[in-house]
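Read through the structure below, which is laid out as C-alpha cells, and then see the notes.
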Amino acid sequence: MPVRRGHVAPQNTFLGTIIRKFEGQNKKFIIANARVQNCAIIYCNDGFCEMTGFSRPDVMQKPCTCDFLHGPETKRHDVAQIAQALLGSEERKVEVTYYHKNEFFQLTEFKCIINLDYIDNYN
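Going by the working numbering, the first residue of the sequence shown is number 6, and it counts up by one from there.
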C-alpha cells in the first residue's frame with residue numbers, strides 16, 4: 006500500500022491546480038495568502054527563483070510586495086499601487102523595477118510587469 010504524505014485538503018488541491026496550470030507556461034510567479042499578515046508568500050516557482058537569484062527558502066513567508074527585491078530605482082508609487090491592489094483584493098498590472106540577488110553583492114536591476122490576480126477558493 007503506498008504511503009501518502011501531507012494533507013489532501015481542498016485548499017491544497019486548489020493550489021496544486023493553480024501551480025500546474027502556470028508551471029508549463031514559462032511564467033515566473035509567486036502565490037501568497039491574503040488572509041495572513043503581510044500577505045505571506047506560500048509558493049514560488051523555479052522561474053521566479055532564477056529571475057531574482059533567491060532560493061525558495063529565502064522567499065517563503067516574505068511579504069508578497071517583494072520588499073526584498075527593492076532597490077534605489079524602485080519607485081514608491083509602484084510599490085504603493087501593489088499594496089493598494091492587495092488591500093482591495095483587486096486585479097491590477099504594475100510595472101516595477103526590482104533587483105536581482107547575486108554572489109558579488111552587486112545590484113542588477115530588471116523591469117518586471119506584475120499581474121496581481123485575486124483568486125478565491127470559495128464556490
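Where a beta carbon is used, it is the ideal one built from N, C-alpha and C, also for glycine.
For residue j and residue i, the rounded distance between their alpha carbons
i: residue 66; j: residue 21; result: 18 Å
i: residue 19; j: residue 70; result: 23 Å
i: residue 27; j: residue 50; result: 9 Å
i: residue 123; j: residue 88; result: 13 Å
i: residue 111; j: residue 76; result: 11 Å
i: residue 58; j: residue 64; result: 10 Å
i: residue 102; j: residue 62; result: 23 Å
i: residue 78; j: residue 72; result: 13 Å
Buried or exposed by the 16-neighbour rule on C-beta atoms within 10 Å, applied to residue i
i: residue 37; result: buried
i: residue 137; result: A question about residue 137 goes unanswered here, because the residues of the chain that appear run from 6 up to 128.
i: residue 91; result: buried
i: residue 109; result: exposed
Cut-off 8 Å between Cβ atoms - residues of its own chain near residue i, not counting five sequence neighbours on either side
i: residue 100; result: 83, 116, 117, 118, 119
i: residue 31; result: 52
i: residue 23; result: 36, 124
i: residue 60; result: 54
Chain-order list of residues whose beta-carbon lies under 6 Å from that of residue i (same chain, five-residue window excluded)
i: residue 47; result: 36, 38
i: residue 56; result: 33
Sequence-distant residues of the same chain with beta carbon closer than 7 Å to residue i, five excluded per side
i: residue 113; result: 104, 105, 107
Short Cβ contact (7 Å threshold) for residue i with residue j
i: residue 121; j: residue 97; result: yes
i: residue 53; j: residue 80; result: no
Unbroken beta strand (DSSP E) runs of length 3 or more, entirely within the segment 91 to 127: which are they? The segment 91 to 127 contains these whole beta strand (DSSP E) runs: 97 to 105, 113 to 121.
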